[in-house]
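Working notes, beginning with the structure itself.
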DNA sequence: CAACAGCTTTACGTTAACGTAAAGGTCAAA
DNA sequence: TTTGACCTTTACGTTAACGTAAAGCTGTTG
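As structure tokens, then:
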């Protein structure tokens, strides 16, 4: 079983971030944990949000963008305009992700090339260096 | 034919960035264009570097990381240690890119889910709203 | 009870990546 | 020749995303 709630340092340890960062995300409106007295109490849902944030950061999303992503997870009413706005945002994200995929693929190709050049140079170096052959 | 050289504003226009940014990249050692008198003259190679920078930025690379990427493109000597260092860096980048791919794929799945929920809500809303059915 | 471990808020500091003047050199067209 | 469209350097300003104290509450363990 997973614990139902976490302390701030639980999450910090588990997700390998500082408590300062977690509090900062809350300040920026990306989290809103419960309180038991003065202390913050985090739910499994909060943890999911945190993971979403970290994943977003890894691919270069700003916290503002991460906040939007999280909001896409919120239960929302039946407000039709709201829903269409949301669909728009989803489409935007999708386009961005696809561009990023292309960027990454391109970089991988370039890394292939760079690696080949390295190996070639090493081969020359190791084979008695008969350069300009 | 493509022009062999570019002015700073040529590149700024074409790549849709500011001249300030381009000069900043140079300051940070990511570019080193020729000079004709006082003016900067950019080669096709410089342009490639700039594109690499922009691509890197799109997936969240820092300028320092972009600089490393560019350096992988530089013609390098036959220094064996250097070459192995470089192969190491390439491997690191590769791992990072693969993680980013996974992150993006996961996000795409989550966008799918969010989109479905939106459509479901819209369907309910539009069908006379026989809620809790 | 004293000392610690872990939580809190408040607030100033820092780094990256530019933005935004300010002040001036250069060359061609009016 | 002066206006305009470029270019230059220097330098201070700004935003994001935290880092880093400082100062204090709170529970428990020797």
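Chains as they are written, first to last, in our numbering: chain A, 344 to 476; chain B, 344 to 476. Cβ coordinates follow ideal geometry from the N, Cα and C atoms, glycine included.
What does DSSP give as the partner residue(s) for residue i in the beta ladder?
{"i": "residue 384 of chain A", "result": "A:377"}
{"i": "residue 348 of chain A", "result": "A:386"}
Return no unless some Cβ of chain B is closer than 8 Å to the Cβ of residue i.
{"i": "residue 446 of chain A", "result": "yes"}
{"i": "residue 410 of chain A", "result": "no"}
{"i": "residue 457 of chain A", "result": "yes"}
{"i": "residue 475 of chain A", "result": "Bear in mind that the predicted position of residue 475 of chain A carries a pLDDT of just 48, short of 50, making it too unreliable to give a figure here."}
{"i": "residue 416 of chain A", "result": "yes"}
{"i": "residue 362 of chain A", "result": "no"}
{"i": "residue 468 of chain A", "result": "yes"}
{"i": "residue 371 of chain A", "result": "no"}
Among the options, whose alpha-carbon lies nearest the alpha-carbon of residue i?
{"i": "residue 414 of chain A", "options": "A:465, A:470, A:348, A:373", "result": "A:373"}
{"i": "residue 465 of chain B", "options": "A:410, A:404, A:443, A:419", "result": "A:419"}
{"i": "residue 441 of chain B", "options": "A:437, A:452, A:438, A:439", "result": "A:452"}
{"i": "residue 478 of chain A", "options": "A:351, A:423, A:408", "result": "Outside the modelled stretch of chain A, which goes from 344 to 476, sits residue 478 of chain A, for which no answer is possible."}
{"i": "residue 406 of chain A", "options": "A:386, A:370, A:435, A:376", "result": "A:370"}
{"i": "residue 408 of chain B", "options": "A:469, A:375, A:450", "result": "A:450"}
{"i": "residue 478 of chain B", "options": "A:423, A:386, A:382, A:469", "result": "Because chain B in this structure spans residues 344 to 476, residue 478 of chain B falls outside the shown range and cannot be described."}
{"i": "residue 459 of chain B", "options": "A:389, A:446, A:426", "result": "A:426"}
{"i": "residue 389 of chain A", "options": "A:404, A:353, A:381", "result": "A:353"}
{"i": "residue 346 of chain B", "options": "B:386, B:376, B:404", "result": "B:386"}
Verify whether the separation of the beta carbon atoms of residue i and residue j is less than 8 Å.
{"i": "residue 467 of chain B", "j": "residue 417 of chain A", "result": "no"}
{"i": "residue 348 of chain B", "j": "residue 384 of chain B", "result": "yes"}
{"i": "residue 433 of chain B", "j": "residue 457 of chain A", "result": "yes"}
{"i": "residue 402 of chain A", "j": "residue 368 of chain A", "result": "no"}
{"i": "residue 444 of chain A", "j": "residue 461 of chain B", "result": "no"}
{"i": "residue 412 of chain A", "j": "residue 431 of chain A", "result": "no"}
{"i": "residue 312 of chain B", "j": "residue 410 of chain A", "result": "Limits of chain B in this structure are 344 at one end and 476 at the other, which puts residue 312 of chain B out of reach."}
If we cut at 8 Å on Cβ distances, does residue i have a partner in chain A?
{"i": "residue 464 of chain B", "result": "yes"}
{"i": "residue 310 of chain B", "result": "This structure leaves residue 310 of chain B out entirely; chain B is present only between 344 and 476."}
{"i": "residue 431 of chain B", "result": "no"}
{"i": "residue 413 of chain B", "result": "no"}
{"i": "residue 436 of chain B", "result": "yes"}
{"i": "residue 403 of chain B", "result": "yes"}
{"i": "residue 398 of chain B", "result": "yes"}
Taking 8 Å as the limit between beta carbons, can you name the residues of its chain near residue i, skipping five residues before and five after?
{"i": "residue 361 of chain A", "result": "355"}
{"i": "residue 394 of chain A", "result": "358"}
Give me, in chain order, the residues of the same chain whose beta-carbon lies closer than 7 Å to that of residue i; leave out the 5 immediate sequence neighbours on both sides.
{"i": "residue 375 of chain A", "result": "369"}
For residue i, which residues in the same chain have their Cβ closer than 6 Å to its Cβ, ignoring the five residues on either side in sequence?
{"i": "residue 381 of chain B", "result": "none"}
Taking 7 Å as the cut-off, is the beta-carbon of residue i closer than that to any non-hydrogen atom of the ligand SAH?
{"i": "residue 363 of chain B", "result": "With respect to small molecules bound, the structure shown includes none, and the ligand SAH cannot be examined in it."}
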